[in-house]
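Only one structure is covered here, and it is reproduced in the block below.
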Amino acid sequence: MRGLLTLKGLSTEKIQQIINYALELKGGAKKTYENKKMATLFFENSTRTQYSFQTAMINLGINVISFNASASSVNKGETLYDTVRTFESLGLDGVVIRHSKDEYFKELENIKMPIFNGGDGAANHPTQCLLDLMTIYEEYGHFAGLKVAIIGDISHSRVAHGNIEVMNRLGMEVYIAGPEEYNDGSAPHIDLDEAIKTCDVIMLLRVQFERHQEKMSMSVEEYHQKFGLTEERMNNMKEKAIIMHPAPINRGVEIADSVAECPKSRIYKQMTNGVYVRMAVISMVLDGDL
Ligand code: CP
53 MRGLLTLKGL
63 STEKIQQIIN
73 YALELKGGAK
83 KTYENKKMAT
93 LFFENSTRTQ
103 YSFQTAMINL
113 GINVISFNAS
123 ASSVNKGETL
133 YDTVRTFESL
143 GLDGVVIRHS
153 KDEYFKELEN
163 IKMPIFNGGD
173 GAANHPTQCL
183 LDLMTIYEEY
193 GHFAGLKVAI
203 IGDISHSRVA
213 HGNIEVMNRL
223 GMEVYIAGPE
233 EYNDGSAPHI
243 DLDEAIKTCD
253 VIMLLRVQFE
263 RHQEKMSMSV
273 EEYHQKFGLT
283 EERMNNMKEK
293 AIIMHPAPIN
303 RGVEIADSVA
313 ECPKSRIYKQ
323 MTNGVYVRMA
333 VISMVLDGDL
């Protein structure tokens, strides 16, 4: 299949090439396409991924078609495959898809048009991982040897699962922290306060209530006290360590309101970098480089 569905199987050299190209685009390099059309097919809510993909398309001169699942023929029972096959038949040059089903793209193997994964269930979110890596690379200029703590609702997070796999391959030391009920063993566990004092990257996750089968065992106030990045914890971070979060953020839950935009926070820079990473990925796929 063409496009970008997961980072598994993508070499570390190719990942570095995407980041380097995104940095060139951020530095002012221009790339323009004529007479191309792409659509964003989001079957789950999104602000950053959907609209930064659309911004990336506009920056590349690509015409953008928005899709409203609730006003589409999905409501008449049309399958994902037939929806995507329809857009292919309309002559589109690519689609971005977000869907609640893990690896939904396995149903789309007959589609020849490029597909860009905007998130599948709790499995993959490749452009989020790439923008996270770009943000870390901009900060440190390398990956190997950096110590990263991913903190929070690990078991429901496609961002955590994708990042752990690729960060390990890039030579980073990745740990998880947070409530035991969300520890799925996908990386070694670290005590939260130990992580705060020793890690170069503190990556917080939202508690993903919409994916929970069972109610969280504690209140959000208790979560904040036990596992949130409070001002006190932020003051214990290493001098050059940075705070990241894929967002949306829940201020006062996983991160204190006053910490969300503190000098160590790179949360809004991650969003900016998302546009350039998505421009790089779209461009490399359209040019046959990915
Ligand atoms: N980080 C992220 O995927 O945000 P959205 O759900 O708003 O796209």
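Mapping the sequence shown onto my numbering, position 123 (from 1) lands on 175, and the numbers just tick up by one. We treat Cβ as the ideally placed atom computed from N, Cα and C, and that holds for glycine. Computed from a predicted structure; not experimentally measured.
Exposure of P300, with buried meaning 16 or more beta-carbon neighbours within 10 Å: Position 248 of the sequence shown, counting from 1, holds the residue named residue 300. It counts as exposed.
Measuring only from the beta carbon, is Q277 closer than 7 Å to any heavy atom that is part of the ligand CP? Mapped onto the sequence shown, residue 277 falls at position 225. Checking every heavy atom of the ligand CP against the Cβ of Q277, none is found closer than 7 Å.
Okay, do the region 67 to 79 and the region 132 to 144 touch, 3+ Cβ pairs below 8 Å being the bar? no
T64 lies in the alpha helix (DSSP H); which residues open and close that run? For this step, residue 64 is matched to residue 12 along the sequence shown. Run containing T64: 64 to 78, per the alpha helix (DSSP H) assignment.
The beta strand (DSSP E) with T92 in it runs from where to where? What you label residue 92 is simply residue 40 of the sequence shown in a count that begins at 1. Note, T92: beta strand (DSSP E), 89 to 94.
Compare the Cα-Cα distances from E161 to each of L132, S209, G170, L183 and report the closest residue. Taking the first residue of the sequence shown as 1, we reach residue 161 at position 109. E161 has its Cα closest to that of L132, out of L132, S209, G170, L183.
Given a cut-off of 8 Å, decide if L257 and P178 are closer than it, judged by their beta-carbon atoms. Taking the sequence shown and counting its residues from 1, one reaches residue 178 at position 126. Taking the sequence shown and counting its residues from 1, one reaches residue 257 at position 205. Taking 8 Å as the Cβ cut-off, P178 and L257 do not qualify as a contacting pair.
The ligand CP and T92: does the residue's C-beta get closer than 7 Å to at least one heavy atom of that ligand? Residue mapping note: residue 92 aligns to position 40 of the sequence shown, counting from 1. For the ligand CP, not one heavy atom lies less than 7 Å from the Cβ of T92.
Going by beta carbon distance, what residues of the same chain come within less than 6 Å of V136, once the five residues before and after it are set aside? As a first step, residue 136 must be located in the sequence shown, where it is residue number 84. Cβ within range, chain order: L160, I163.
CB-CB under 6 Å to R210, same chain, minus the five flanking residues each way: which ones, in chain order? Numbered from its first residue, the sequence shown carries residue 210 at position 158. Here the set comprises G171, A174, A175, N176, H177.
Could you compute how far the alpha carbon of I228 sits from the alpha carbon of E291? Sequence index remark: in the sequence shown, residue 228 carries index 176 (1-based). Sequence index remark: in the sequence shown, residue 291 carries index 239 (1-based). Computed Cα separation, rounded: 21 Å.
Have a look at P298, I149, S310 and flag the residue whose alpha-carbon is nearest the alpha-carbon of E284. Here residue 284 corresponds to residue number 232 of the sequence shown, with the count starting at 1. Nearest option by C-alpha distance: S310.
Kindly examine the ligand CP and report whether one of its heavy atoms sits closer than 7 Å to the Cβ of K166. Working through the sequence shown from its first residue, we reach residue 166 at position 114. Note that residue 166 is Pro in the sequence shown here, rather than Lys. Every heavy atom of the ligand CP is 7 Å or more from the Cβ of P166, so no.
Answer with buried or exposed for A123, where buried requires no fewer than 16 other C-beta atoms within 10 angstroms of its C-beta. Position 71 of the sequence shown, counting from 1, holds the residue named residue 123. A123 is exposed by the Cβ-count criterion.
What are the boundary residues of the alpha helix (DSSP H) that includes D172? Here residue 172 is taken as the residue at index 120 of the sequence shown, counted from 1. Premise fails: D172 lies in the beta strand (DSSP E), 167 to 172, not in any alpha helix (DSSP H).
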